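Data block below; observations after.
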Amino acid sequence: MKIFIDSGNLKDIEALVPLGIIDGITTNPSLLAKEGGDYRQILKRICDLVQGPVSAEVVATEFEGMMREGRDLAKIDEHIVVKVPFTRDGVKACKKLSEEGIRVNVTLIFSPTQALLAAKVGATFVSPFVGRLDDVATSGMSLIHEIVEIFNNYEFTTEILVASTRGPMHIVEAARMGADICTCPAAVIDSLFNHPLTDVGLKKFIADWEKAQAALAGKA
Ligand code: G3P
10 MKIFIDSGNL KDIEALVPLG IIDGITTNPS LLAKEGGDYR QILKRICDLV
60 QGPVSAEVVA TEFEGMMREG RDLAKIDEHI VVKVPFTRDG VKACKKLSEE
110 GIRVNVTLIF SPTQALLAAK VGATFVSPFV GRLDDVATSG MSLIHEIVEI
160 FNNYEFTTEI LVASTRGPMH IVEAARMGAD ICTCPAAVID SLFNHPLTDV
210 GLKKFIADWE KAQAALAGKA
């Protein structure tokens, strides 16, 4: 399963990319607004760092505006994937942009039928929001299960990009279900590294080694 960072923060991205586990980045208007500054420059820098798909979202809500913004975002770098919301205009824009060779991520997916329609119009990625469904007492991961099942019945090339992840169990479940990608805040990716038994085990290996070395030095 691919792992994307859900962030527009360059420091977070610069810290995680050298680990070799990051396959791409997702941003949204809220994340980029948080960073301030020139969003085009930030997106370009992210593309240079990651060399993988970088989702950048349109803010227009009608078809023509989405097309204009989508084409413009795609010019920033070859790694840009244009994100459009799942609306009637978004679906229309997804079809047209995809026909023009621009990759599209259809976002704000909250039902299996929305994912199906986005796949039908050639979306490269669909982004179901699991955490926001959990927030309203509806199982986000059940939605992923349904989308995986539906996509497996056909020959869609659309990838399932699990978004709005809030903790490691979302990643575990997504991987078990065979989702293609999880996009996660940097803190969630950091948490994937932690296990107390790893820390205890490493401490003991080092201590045993040093004890043995000290004993050998004592004999010499
Ligand atoms: O980028 C879209 C998505 O991952 C947002 O997550 O935590 O704002 O629901 P969240």
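The opening position of the sequence shown corresponds to residue 10 in the working numbering, with each subsequent residue numbered one higher.
Idealized CB from N, CA, C, for every residue including glycine.
All of these numbers come straight from a predicted model, not from anything done at the bench.
> Using 8 angstroms as the threshold, is the stretch 201 to 209 in touch with the stretch 165 to 176, meaning 3 or more CB pairs across them?
Replying inline: The way I'd put it, the stretch 201 to 209 doesn't touch the stretch 165 to 176; fewer than three beta-carbon pairs between them come closer than 8 angstroms.
>> ligand 1 and A172: does the residue's C-beta get closer than 7 angstroms to at least one heavy atom of that ligand?
In response: Residue 172 sits at position 163 when you count from the first residue of the sequence shown. Result yes, Cβ under 7 angstroms from ligand 1.
> Expressed to the nearest angstrom, what Euclidean distance is found between the alpha-carbon atoms of C196 and G17?
Replying inline: In the sequence shown, residue 196 corresponds to position 187, counting from 1. In the sequence shown, residue 17 corresponds to position 8, counting from 1. Note that residue 196 is Ala in the sequence shown, not Cys. Between A196 and G17, the C-alpha separation is close to 13 angstroms.
>> Considering only their Cβ atoms, is the gap separating F138 from N114 smaller than 8 angstroms?
In response: As a working mapping, residue 114 is identified with position 105 in the sequence shown. As a working mapping, residue 138 is identified with position 129 in the sequence shown. No, the pair does not count as a contact, with Cβ atoms beyond the cut-off.
> K92 and A65 look like a contact to me (Cβ under 8 angstroms); what is the Cβ gap, rounded to whole Å?
Replying inline: For this step, residue 92 is matched to residue 83 along the sequence shown. For this step, residue 65 is matched to residue 56 along the sequence shown. The distance from the Cβ of K92 to that of A65 is about 6 angstroms, consistent with a contact at the 8 angstroms cut-off.
> Looking only at its own chain, which residues have a Cβ that is under 7 angstroms from the Cβ of K101, when we skip the five neighbours before and after it?
Replying inline: Your numbering for residue 101 matches position 92 in the sequence shown. The answer, listed in chain order, is F72.
> For the beta strand (DSSP E) that contains G210, what are its first and last residues?
Replying inline: Along the sequence shown, read from residue 1 onward, the residue named residue 210 stands at position 201. Unbroken run through G210 is the alpha helix (DSSP H), P205 to K228; no beta strand (DSSP E).
> Between which two residues does the alpha helix (DSSP H) containing D104 stretch?
Replying inline: Translated into positions along the sequence shown, residue 104 becomes position 95. It should be noted that the sequence gives Lys, not Asp, for residue 104. Unbroken alpha helix (DSSP H) run through K104: R97 to E108.
> If you draw a straight line from the alpha carbon of G230 to that of L28, how long is it in whole angstroms?
Replying inline: There is simply no residue 230 to check, as the chain begins at 10 and stops at 229 in what is shown.
>> What would DSSP say about E23, mapped onto helix, strand or coil?
In response: Locating residue 23 in the sequence shown gives position 14, counting from the first residue. Note: E23 maps to helix in three-state DSSP.
> When you compare only the Cα positions, how much space is there between G52 and K84?
Replying inline: Here residue 52 refers to the residue found at position 43 when the sequence shown is read from its first residue. Here residue 84 refers to the residue found at position 75 when the sequence shown is read from its first residue. A small correction: the amino acid at residue 52 is Leu; Gly does not occupy that position in the sequence shown. One C-alpha to the other measures close to 11 angstroms.
> To the nearest angstrom, how far is it from the Cα of R48 to the Cα of L225?
Replying inline: Against the sequence shown, residue 48 aligns to sequence position 39. Against the sequence shown, residue 225 aligns to sequence position 216. Correcting the residue type first, residue 48 is Tyr in the shown sequence and not Arg. When rounded, the separation of the alpha-carbon atoms in Y48 and L225 is 60 angstroms.
> What is the rounded straight-line gap between the Cα of K20 and the Cα of I12?
Replying inline: The residue labelled residue 20 in the question sits at position 11 within the sequence shown. The residue labelled residue 12 in the question sits at position 3 within the sequence shown. About 17 angstroms.
> Ordered along the chain, which non-local residues of its own chain (more than five positions away) have a Cβ less than 7 angstroms from that of L58?
Replying inline: For this step, residue 58 is matched to residue 49 along the sequence shown. Hits under 7 angstroms: I22, E23 and V26.
> Which residue comes first and which comes last in the beta strand (DSSP E) that contains S136?
Replying inline: Counted from its first residue, the sequence shown places residue 136 at position 127. Where S136 is concerned, the enclosing beta strand (DSSP E) stretches over F134 to P137.
> For L201, does the three-state DSSP call read helix, strand or coil?
Replying inline: In the sequence shown, residue 201 corresponds to position 192, counting from 1. Reduced to three states, the DSSP call for L201 is coil.
> Taking the continuous beta strand (DSSP E) assigned at N114, which residues delimit it?
Replying inline: Counting from 1 along the sequence shown, the entry for residue 114 is found at position 105. Unbroken beta strand (DSSP E) run through N114: V113 to I118.
> Hey, would you say the C-beta of F72 is under 7 angstroms away from at least one heavy atom of ligand 1?
Replying inline: Counting from 1 along the sequence shown, the entry for residue 72 is found at position 63. Answer for F72: no, Cβ out of range of ligand 1.
>> Considering only the alpha carbon of each residue, which of A216, C193, Q222 and T36 lies closest to M10?
In response: Here residue 10 corresponds to residue number 1 of the sequence shown, with the count starting at 1. Residue C193 is the option with its Cα nearest to M10.
> The alpha helix (DSSP H) spanning G149 covers which residue range?
Replying inline: For this step, residue 149 is matched to residue 140 along the sequence shown. Element bounds for G149: G149 to N161.
>> For V63, count the other beta carbons within 10 Å of its own beta carbon; 16 or more makes it buried, fewer makes it exposed. Which is it?
In response: Indexing the sequence shown from 1 puts residue 63 at position 54. That one is buried.
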